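Residue numbers (the working numbering), protein chains in the order written: chain A, 33 to 306; chain B, 5 to 314. Just so it is clear, CB atoms sit at the ideal spot from N, CA and C, and this is done for glycine as well. Here the structure is a predicted model, which means the values were calculated and not measured. Contents: one structure, followed by commentary.
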Amino acid sequence: MKRRSINSRAMNVLAFAVVIVWLAPVAWVMLTSIKPTMLINSAEPTFFFFTPTTEHYIEVFTRFRFGDVIVNSLITVGVSTLIVMILAFPAAYAVSRMGLMSGDFWALTVLSLRFMPGVVVVLPYFKMANSVGLLDTHLALIVVYVAFGLPFAVWILRGFLLDLPREVEEAGRLDGFGWLRILFFLVLPMAAPGIAVTAIFTFVFSWNEYLFALFLTLQKVTTIPVALQKTIDVYNVLWGSLSAGAAIQLLPMIAVVFLLQKHIARGLALGAVK
Amino acid sequence: MAAEPSFTGKRHAPLAAHRRRVAYLLLAPTLLVLLGLSIFPTIYSVFLSFRVDPLYNPKVARFIGWRNYTDLFSDDRFWNSIRLTLYWTVVVVTIQMVVGFLLAILLDRKMRGASVLRTLIIVPVFISPIAMGLTWRFIFEPVSGLANWFLSGLGLEGYSWLSSTDTALGTLMFVDCWQWTPFVALILLAGIQSISPEITEAARLDRIRGVSYYTRIVLPLIRPVIMVVLLIRIVDSIRFFDLNFIMTKGGPGSSTLVMSTYDYTFFEQGHLGLMAACGLLMLVLVNLVVFVFLNTLYRSEKAARRADMK
């Protein structure tokens, strides 16, 4: 009995140690982003005891126009997420509650889009955007993010809607409510948490997206992932600026992880687990 | 009572028709978006793949039949990229599944702070491969990087990691596993924790614990979840682009040139027709693997489950 408790304590320590080591690279970016350049480039790494600096953050905002870049990301990601949710909610309701199209059909659609190699569709998108003069505009990227976010959002939201009790809708129908009123006044408030989770997932996908942004933006509307790469494309590699930019990109995602918590598995496993 | 069914039946028929109309109306925008932005581009890609279509000289664009495909089939680098992609997929998915399962067991413990650990470990999954890929390049930088400093602390020689053909692929695999093992762990953990307490209790009463609890009770029960994670990881490893592009761009030489980065080289050279053809072949490969997966592993899993029920 005693041996087991020692063992179990050792396992607890191991669990903590593994997680800390696993996240060390993330901590390292944050640390590097506030470290003076001289210390960053030295062969002997510095972990503690240095005077923090904001020089890298100033550099990314001036030299690499991160102010504009962040705004670009927020516009494309924000607007596309909003459109996705406006379209996905009625669609998810039609699929989950009104008996239109089987769950299998949607599973197949979602899977085939989820599994579509980006390099296959990015070329048609590039050519289409180019021929209608939409290259390097917010609109092009918004359209693509809506296309990729929508089926996925319908799928996650469908799972949430299936979990809602049917009684409220039936009561509404007996009271003579039409479909639209049932949808927006009865179902929408009940589904609010599920809608929020779905919206966050949609946001994350577009926030981290790189390939489409790489093809469809040139100068004016580059998003954060594309701009990050530019800090290291120049002559000498600016690890400090890169880390500051990366930290700006990472921090909202860390917040998202804590916001979503127990809903994460459901969203990532395409509804296979709850 | 006897008249009742036909009565409700009649009243329901127009209601059902109305209901269908509303449902289609609610779904219509989504279906249009799918048609216009997923199905149409794929067809357009097929069209492009039969053309020579130089990016910088669009005037000479014309149909050339199967030439793009035959060109690809006679290119050694094409076959190399397929071999490398399959090798990559087998190695990283195996590591991620095994380590992910161990990590899930480790985090399945009841202890103070466990829920914080379970949340923290997910962070890598939500971080953009671009931000982290560039950070890893800094860590694997030969002179000022942490990796070589760590090795020298152990009294070992440093490596040039990403810039050597011997180590570039392994380094990429390491980073990919760093990012995606937590994804596997998270979903397996969700599966493990959805096992009903009665089963866990029964196992405890039967003195099944420790390793045998996980191999004899947990593994068979979470088989469906394992199948889903496996499928997602296999396909994502075949499609794998971001990390590779940002860390090595297929190099040095062609030591990390997997299919998607190979495909991208055609864009850089401006050969849009070849890029379309290569992309479609990649789509074929993905579908082939999914088909084989569903027909072998998934079917045997289903059969096993049916046997369990008997």
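Contact fails between the segment 189-206 of chain A and the segment 246-264 of chain A, because fewer than three Cβ pairs, one in each stretch, are under 8 Å apart. Those residues of the segment 67-96 of chain B placed with their C-beta closer than 7 Å to a C-beta in chain A do not exist. When C-beta atoms of the segment 93-102 of chain B are compared with those of the segment 176-190 of chain B, three or more pairs fall below 8 Å, so the two segments count as touching. Per the coordinates, the alpha-carbon of N72 (chain B) lies some 15 Å from the alpha-carbon of W83 (chain B). The beta-bridge partner set that DSSP reports for P57 (chain A) is empty. Taking all protein chains shown into account, A161 (chain A) has 16 or more neighbouring C-beta atoms within 10 Å of its C-beta and is therefore buried. Each residue's CA atom was taken as its position, placing P62 (chain B) and V142 (chain A) some 35 Å apart. Judged by DSSP secondary structure, T94 (chain A) falls within the alpha helix (DSSP H) whose first and last residues are 87-94. Taking the C-beta atoms as reference points, T139 (chain B) is found no nearer than 8 Å to A231 (chain A). DSSP, reduced to helix, strand and coil, places P201 (chain B) within a helical segment of the structure shown.
Secondary structure of F209 (chain A) (DSSP, three-state): coil. The C-alpha of P122 (chain A) lies about 10 Å from the C-alpha of V26 (chain B).
Taking 8 Å as the cut-off, the beta carbon of L182 (chain A) is found no closer than this to the beta carbon of L114 (chain A). Residue pairing by DSSP places H275 (chain B) opposite B:P58 in a beta bridge. Here A311 (chain B) is not near L282 (chain A), since their CB atoms are 8 Å or more apart. Around the CB of R87 (chain B), fewer than 16 other CB atoms lie within 10 Å, so the residue is classed as exposed. Take S241 (chain B), set aside five residues on each side of it, and the residues of its chain with a beta-carbon closer than 7 Å to its own are W92, T93, V96, V97, in chain order. Here A185 (chain A) is buried, its C-beta having at least 16 other C-beta atoms within 10 Å. The count of Cβ pairs closer than 8 Å, one atom from the segment 275-286 of chain B and one from the segment 51-70 of chain B, reaches three, so the stretches are in contact. Contact residues of the segment 283-297 of chain B toward chain A are G283, L284, M286, L287, V290, V294 (C-beta to C-beta distance below 7 Å). About 15 Å separates the Cβ atoms of S148 (chain B) and S65 (chain A), ruling out a contact at the 8 Å cut-off. Within the segment 134-151 of chain A, the residues whose Cβ lies closer than 9 Å to some Cβ of chain B are T141, L143, S144, L145, R146, F147, M148, P149, G150, V151, listed in chain order. By the neighbour-count criterion, in which a residue is buried when 16 or more other Cβ atoms sit within 10 angstroms of its Cβ, G191 (chain A) is buried. Contact annotation: G162 (chain B) and L155 (chain B) have beta-carbon atoms nearer than 8 Å.
For the segment 230-245 of chain A, residues whose beta-carbon sits nearer than 7 Å to a beta-carbon of chain B comprise V236, N240, Y242, L243.
Within the segment 30-49 of chain B, L30, L31, A32, P33, T34, L35, V37, L38, G40, L41, S42, F44, P45, T46, I47, Y48, S49 place their CB atoms closer than 9 Å to a CB of chain A, listed in sequence order. One alpha carbon belongs to R303 (chain B), the other to T175 (chain B), and they sit about 35 Å apart. Taking 8 Å as the cut-off, the beta carbon of Q183 (chain B) is found closer than this to the beta carbon of P128 (chain B).
When secondary structure is reduced to three states using DSSP, F80 (chain A) falls in the coil class, being assigned neither helix nor strand. In the displayed model, R227 (chain B) falls within a helix according to three-state DSSP. Taking 8 Å as the cut-off, the beta carbon of G150 (chain A) is found no closer than this to the beta carbon of F233 (chain A). Per the C-alpha coordinates, the member of B:L284, B:G255, B:L285, B:F271 positioned closest to P58 (chain B) is B:F271. Put simply, the CB of P221 (chain A) is far from chain B, with every gap to its CB atoms at 8 Å or more.
Contact between T263 (chain A) and S105 (chain A) is ruled out by a C-beta separation of about 15 Å, above the 8 Å threshold.
In the displayed model, F144 (chain B) falls within coil according to three-state DSSP, outside both helix and strand. When the beta-carbon positions are compared, T265 (chain B) and F249 (chain B) come within less than 8 Å of each other.
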